[in-house]
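Read through the structure below, which is laid out as structure tokens, and then see the notes.
Protein chains in written order, with the numbering used here: chain A, -17 to 285; chain B, -17 to 285; chain C, -17 to 285.
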């Protein structure tokens, strides 16, 4: 209980935290599947709030980039730096990732980073997506995703890169790699991460159809590990972390590396080719037109 | 409803179609596991009836080779040519494979193609089996198996090569790779296809014991995706196809290729060796004797 | 029934066998997870009793090394020799492995073989662990584990190396690869064997947390294939063996090899490196200290 209170205070976002535990309805919040037209936000306020509890050795990372924690280049850069800092702090043994935005964990990649942008910019952006995944999937820390909202596409990838996934049991939330629904394709390392979690056949059907799963279905196929009422996601994550931290770090880390290294090596040894592949795909005129139509649709929905 | 009616008419086999939806009992029909001693049929009537609905972009392929759609060299050649034709027609986006024979989808490889035949003939036959699988497993079309009868061995392989499997919920039907029960062995690409569908352990136990699953068990282990009453197999396949075709072709095709290419490459780069392996195994005197005994048994059963 | 009686008699351990079918409580028996400080036993009595029933072609291997069938160098050597002898006897087609010790199948590797021992001794010991696994996992015989007690770590590995696992449905028994709980790491071939059985994700979470499963949970994740009341473990194993032996040996053996060869080849081609890896890890002073503390704890528990 003390720990729970401690985490709440550490987050320093009492207003936002109260939103996690309620069904706030902001009306304007638009959780679009996969791609998000992020409102430009030039403020220098951090998109991610990190609170490290030295007594427990656990860091809480609150994603707080309105409206839907879309993964922009700035967001991803800040995310990777934050994870790396914690990684280098040997007293930090565990990391809980959650959202302070209502109804959404992360809505995925920011469409504005790839619409009518130069190949150079698209390449830089994709490298940041790779970096986020590499940092999380290979982390020596115990990483737990406290999924307190919808988590499509890039948000799902972020969750899958953690060691354990606890999701709010709210049937209005969904999670999945739904790229094909938008005419784009999840790259091989998204696919590999999903296969390592739910197996070959479930991945095949999920990726080909771009399935978004309700929490109960996500639990059935193994996309998440546990469902709890929405107001217990963070406390359950904290309790679960205690269980994981009871295992000697050294043995757990070697074991984790043994399980994940082949998948990580596949990207690190093909990183540049993967970037080139993304850039040449996303800058195609046909794909840019699709993105443009999608953006128009989002604007109308908001209007 | 219109589509359903359309498909029925297109198939042009009203007599045969009525058999799908009833439990016809021809008495003489012999659904033997895996190998079939096909009655020689020198007629030039097609073994496969293809109806392509241009308004939906979906082709219905009815296997109509009495008595049990056994996979003879002629049958396989006709099958592969039919698939290739549809593949090259860019207006054809989906393919439903089903049977017009009562109680059986396909009873598997035709034993007569490998009994007391020359190594050359056996090799040509095996190449045709490979070709059928390669065509289906790598198809750019959405492929759905409407499994309206038993589907052992080669029939199971054909089903597994599709994107989705809907089976009639009739406990008298079975499906599985039952080769070991007859003293022969499913080759590595049968095994790979099954592993991609149901995982390593289920494949291990299924192949070692040559298990034939009832529909309910097949659903439990994931060998089929859906069970419906026998008279709804085709309509469900048509409805499911609509769902799959809602996904942009290009994204779905790249995703499908990403999932299946490693498995396909394994055969294409070892195709000749796999043929030699089959020929040297099947032409062994001990195996030929087993086949002979099996043929005798089939004859007695029919008599 | 006759067969069951035959097996009981053949085992020639009426006293011990009666313990299988009861919940004997010896009080002093210490089933510690993973590592066991085996009481030195310099007697020349065999640690494994093998009874081969020539009429059925099935051998029953009773592990009878008090108190908990810990896998010492002597035990492992005797085990591998016994399996090899049966393997070379072409009339022996099936092998059932079980325990004559109350409440335990095998408690895993003997800690005394790696505590304050020379690198040479540790290396010799590890080679014997490898050999046990290689012999079982690649056996041409049908191998069934009749798991009539707890089976942590090395005991679990032995079970996983068999073709089929039947466990006593006693909630006080556990099974799993719990190495990390003790600060050590299951090597890659333990991991591969488990992945082949329960898949990637279950293995990841099980190995990172060092999970020991109750029988009902072990069945759910697929770590065992069947649960039966404790007094029916051996009879069920015998009945199951009959089913497996109905499959022609030759086809089953080729199929088994096809499924397991890649996993076996990975160890055989890295065997020396795997030994060096183990020796350099286990002889670290920090690991030796952990083992020492563990031994002290075991002594106190016994005292």
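Note that the Cβ used here is the ideal one computed from N, Cα and C, for glycine as well.
Since the structure is predicted, the reported quantities are computational estimates derived from the model, not experimental observations.
- Beta-bridge pairing by DSSP links residue 91 of chain B to B:53.
- For residue 76 of chain B, the enclosing beta strand (DSSP E) starts and ends at 76 to 81.
- In the structure shown, the three-state DSSP call for residue 96 of chain B is coil.
- For residue 277 of chain C, no CB of chain A lies under 8 Å from its own CB, so it is not counted at the interface with that chain.
- With fewer than 16 other beta carbons inside 10 angstroms of its own, residue 36 of chain C counts as exposed.
- Around the beta carbon of residue 283 of chain C, fewer than 16 other beta carbons lie within 10 angstroms, which makes this residue exposed.
- For residue 186 of chain C, the residues of chain A that pass the 7 Å Cβ criterion are 241, in the order they occur in the chain.
- C:97 is the residue among C:97, C:76 and C:216 whose C-alpha sits nearest the C-alpha of residue 273 of chain C.
- Beta-bridge partners assigned by DSSP to residue 147 of chain B: B:127.
- Per DSSP, the continuous beta strand (DSSP E) segment holding residue 41 of chain C begins and ends at 40 to 45.
- Residue 84 of chain C is classed as buried because its beta carbon has at least 16 other beta carbons within 10 Å across all chains shown.
- Inter-residue distance for residue 94 of chain C and residue 114 of chain A is about 45 Å (C-alpha atoms, whole angstroms).
- Here DSSP, grouped into helix, strand and coil, assigns residue 208 of chain C to strand.
- With 16 or more neighbouring CB atoms inside 10 Å of its own CB, residue 29 of chain B falls in the buried class.
- By the C-beta criterion, the region 148 to 159 of chain A is judged not to be in contact with the region 108 to 122 of chain B, since fewer than 3 inter-stretch pairs fall below 8 Å.
- DSSP places residue 167 of chain C outside any beta strand (DSSP E), giving it a letter other than H or E.
- Around the C-beta of residue 190 of chain A, 16 or more other C-beta atoms lie within 10 Å, and the residue is accordingly described as buried.
- Neighbours of residue 167 of chain A across chain B, judged by C-beta separation under 7 Å: 233, 236 and 237.
- Counting the other CB atoms within 10 Å of its CB gives residue 141 of chain B a total of 16 or more, which places it among the buried residues.
- Cβ atoms of residue 91 of chain C and residue 53 of chain C come within 8 Å of each other, at about 5 Å.
- In chain order, 182, 183 and 186 make up the part of chain B whose C-beta sits under 8 Å from the C-beta of residue 178 of chain C.
- Each residue's CA atom was taken as its position, placing residue 55 of chain C and residue 122 of chain C some 24 Å apart.
- Among the bridge pairs identified by DSSP, residue 32 of chain A is matched with A:43.
- Secondary structure note for residue 276 of chain A: its alpha helix (DSSP H) is the uninterrupted segment 267 to 284.
- In terms of beta-carbon proximity, residue 142 of chain B stays away from the interface with chain C, with every pair separated by 8 Å or more.
- Short of 7 Å from the beta carbon of residue 265 of chain B, and not among the five residues preceding or following it, lie these beta carbons of its own chain, in chain order: 101 and 104.
- Residue 108 of chain A has a beta carbon lying at 8 Å or more from every beta carbon in chain C.
- Considering only C:86, C:170 and C:38, the residue with the shortest C-alpha distance to residue 150 of chain C is C:86.
- Per DSSP, reduced to three states, the secondary structure at residue 155 of chain A is coil, with no helix or strand assignment.
- The beta carbons of residue 174 of chain C and residue 245 of chain C sit about 5 Å from each other, so the pair counts as a contact at 8 Å.
- Residues of the region 197 to 230 of chain C with a C-beta atom less than 9 Å from some C-beta of chain B are 204, 207, 225, 226, 228, 229 and 230, listed in chain order.
- At a cut-off of 8 Å between beta-carbon atoms, residue 247 of chain C makes no contact with chain B.
- The beta carbon of residue 207 of chain A is closer than 6 Å to those of 146 and 147 in its chain, skipping five residues each way along the sequence.
- In terms of CA proximity to residue 260 of chain C, C:106 leads the group C:71, C:106, C:164 and C:80.
- Chain-ordered, the chain B residues with CB closer than 7 Å to the CB of residue 192 of chain A read 229.
- Cβ-Cβ distances below 7 Å link residue 144 of chain A to 79, 118, 125, 126 and 127 in the same chain, with the five nearest sequence neighbours on each side left out; the list follows chain order.
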